[in-house]
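This report refers to the structure that appears directly beneath it.
2 protein chains.
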Amino acid sequence: MRISALAAEAGLPVATVKFYLRERLLHAGTATSATQAAYDESHVRRLRLVRALLGPVGLTVQQARTVLALVDEPGDDLYATLGRAVSALPPAAAPPGDASDPFPRARAALDTLGQVYDPDFPAVAQLEGALAAAESAGMPISAERLAHYGRVLSDVAEFDLARMPGEPHAAVEYTVLGTALYEPVMLALRRLAHQDAAVRRLRGDPPPVE
Amino acid sequence: MRISALAAEAGLPVATVKFYLRERLLHAGTATSATQAAYDESHVRRLRLVRALLGPVGLTVQQARTVLALVDEPGDDLYATLGRAVSALPPAAAPPGDASDPFPRARAALDTLGQVYDPDFPAVAQLEGALAAAESAGMPISAERLAHYGRVLSDVAEFDLARMPGEPHAAVEYTVLGTALYEPVMLALRRLAHQDAAVRRLRGDPPPVE
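This is the structure we're talking about:
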């Protein structure tokens, strides 16, 4: 198809598609003349991914390019690639504290949960900042709450990982979008579940069996 | 204690404490002379709350004032008050779509989960936006995933609600801070649980029993 048909198919202005081509977020089409190129389904799929990364996921063009490079070249060490792809997503990692033990709260929490602790993985800094904020507000996460949240989210992680495509390019794409796009879904569902639980309690329904 | 001791206790500059007093985010002390006032533990606690709302929670002064008014005057209908307090937190609700059915994806999702649907509760608009974003990225939430996330987050909500203080002022404060401050903890824990699950899989550990 021509660029105008591609743009229509993706629901984007032609100028935007040209911008993505210039920025090399979208691969070139097959030249059919000096001034025209043909595009196919692979371009439609790519546009959907680029649009998600620059839209709901909220990346800059430079950050999107980093993620797309990992989708295109997942390399041999898929685990490291997935980690790098997630690291490119917001929020940006907070700077470490004391060099000998940069993330003490996160380290202790992961130790309690029996999970791997890798200070180079940005979510560790993210957890440290979140735990410190709760603490300074006078609402530190109790050991009981940490254990409960940790168990529940390990359950979610197993569910997510079991559905990861085996093909490496698709695995990176699934991981990036599944992390960034499903996070807002989970937060909204938690707030709605609070509301639902509060309504049931007010109505005097019996609590669910745990 | 004097204002200087209060500021020191809260770890804030005196100018910041004075600003909170002027903005009526902090209640006045007891006048001890024409130019001095005495402050107590209630001021220290309040400063911790104000600092959390304006800092990690990310509210504007006007939004913080709305939340604090609900903490101070929870009223008779605690359920409505908690809803209003959570509604003051980011993200701001997206505008509704078609007036006859403004949030069709969220309505269908909550119907599937057997949860209350109240279009006036901002988390409904939040869920609608998140589901629409996932859909347009070509990664719609499957019925199976929705059921799984919904079950897990109802479990979290029951846990959270069971620990809500009975005293109304404290209940509003717990709900606001527990919503806003524990959300980043949960997101970081999910990312870390993904990493942990991926490491275990690469090592060839058996999957956990579901």
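First to last, the protein sequences are chains A and B. Just so we're aligned: 154 in UniProt numbering is position 154 of the first sequence, and the numbers increase by one with no gaps anywhere. Just so we're aligned: 174 in UniProt numbering is position 174 of the second sequence, and the numbers increase by one with no gaps anywhere. Backbone N, C-alpha and C define an ideal beta-carbon position, used for all residues, glycine too.
For the alpha helix (DSSP H) assignment, the segment 151–179 of chain A encloses no uninterrupted run of at least 4 residues. Less than 8 Å divides the Cβ of leucine 47 (chain A) from the Cβ of leucine 26 (chain A). For the segment 26–48 of chain B, the set of positions with a beta-carbon nearer than 9 Å to some beta-carbon of chain A reads Arg45 and Arg48 in chain order.
The beta-bridge partner set that DSSP reports for alanine 38 (chain A) consists of A:Thr30.
Inter-residue distance for glutamate 183 (chain B) and aspartate 40 (chain A) is about 41 Å (C-alpha atoms, whole angstroms). Assigned with DSSP and collapsed to three states, proline 102 (chain A) falls in coil, not helix or strand. Non-local beta-carbon contacts of leucine 70 (chain B) in its own chain, meaning distances under 7 Å to residues more than five positions away in sequence, involve Thr81, Arg84, Ala85 and Val172 in chain order.
The segment 52–65 of chain B makes no contact with the segment 149–159 of chain A: fewer than 3 CB pairs, one atom from each, lie closer than 8 Å. With a threshold of 16 other beta carbon atoms within 10 Å, alanine 197 (chain A) meets it and is buried.
Scanning the segment 69–144 of chain B from its first residue to its last, the whole alpha helix (DSSP H) runs of 4-plus residues come out as 78–87, 104–113 and 122–136. Put simply, the CB of tyrosine 20 (chain A) is far from chain B, with every gap to its CB atoms at 8 Å or more.
Neighbours of valine 61 (chain A) in chain B, taken as residues whose beta carbon is under 7 Å from its own, are absent, since the nearest beta carbon is some 17 Å off. Along the segment 163–179 of chain B, going in chain order, the ones with a CB nearer than 7 Å to a CB of chain A are Leu177, Gly178 and Thr179. Using a CB distance below 9 Å, the part of the segment 183–203 of chain B facing chain A consists of Glu183, Pro184, Val185, Met186, Leu187, Ala188, Leu189, Arg190, Arg191, Leu192, Ala193, His194, Gln195, Asp196, Ala197, Ala198, Val199, Arg200, Arg201 and Leu202, ordered along the chain. For the options B:Tyr174, B:Ala99 and B:Val50, the alpha carbon positioned closest to that of leucine 78 (chain B) is the one of B:Tyr174.
Here the C-alpha atom of leucine 6 (chain B) lies approximately 32 Å from the C-alpha atom of leucine 146 (chain A). The closest CA to that of arginine 191 (chain B), considering only A:Arg200, A:Arg107, A:Glu144 and A:Leu127, is found on A:Leu127. Here histidine 169 (chain B) is exposed, its C-beta having fewer than 16 other C-beta atoms within 10 Å. Using a Cβ-Cβ cut-off of 8 Å, valine 17 (chain A) is close to nothing in chain B; its nearest Cβ partner there is about 16 Å away.
No Cβ of chain B is located within less than 8 Å of the beta carbon of leucine 70 (chain A).
A Cβ-Cβ separation of about 7 Å places alanine 28 (chain A) in contact with alanine 37 (chain A) under the 8 Å criterion.
Threonine 179 (chain A) counts as buried, since at least 16 other C-beta atoms from the protein chains shown sit within 10 angstroms of its C-beta.
The alpha carbon of valine 124 (chain A) has as its nearest neighbour, out of A:Ala31, A:Pro96, A:Arg22 and A:Ala8, the alpha carbon of A:Pro96. Classified as buried, arginine 51 (chain B) has 16 or more neighbouring CB atoms from the shown chains inside 10 Å of its CB.
Counted as a single uninterrupted DSSP element, the alpha helix (DSSP H) harbouring glutamate 9 (chain B) occupies residues 3–10. Identification of chain B residues near valine 86 (chain A) by a Cβ-Cβ cut-off of 9 Å yields Arg191, His194 and Gln195, ordered along the chain. For valine 61 (chain B), the three-state secondary structure derived from DSSP is helix. Arginine 203 (chain B) counts as exposed, since fewer than 16 other beta carbons sit within 10 angstroms of its beta carbon. Contact between alanine 157 (chain A) and histidine 194 (chain B) holds, since their C-beta atoms are separated by about 5 Å, short of 8 Å.
Phenylalanine 159 (chain A) reaches chain B at His148, counting residues in chain order whose Cβ is nearer than 7 Å. For the segment 128–142 of chain A, the set of residues with a beta-carbon nearer than 8 Å to any beta-carbon of chain B comprises Gly129, Ala130, Leu131, Ala133, Ala134, Ser136, Ala137, Gly138, Met139 and Ile141, in chain order. For proline 96 (chain A), no CB of chain B lies under 8 Å from its own CB, so it is not counted at the interface with that chain. Contact between methionine 139 (chain A) and leucine 181 (chain B) holds, since their C-beta atoms are separated by about 6 Å, short of 8 Å.
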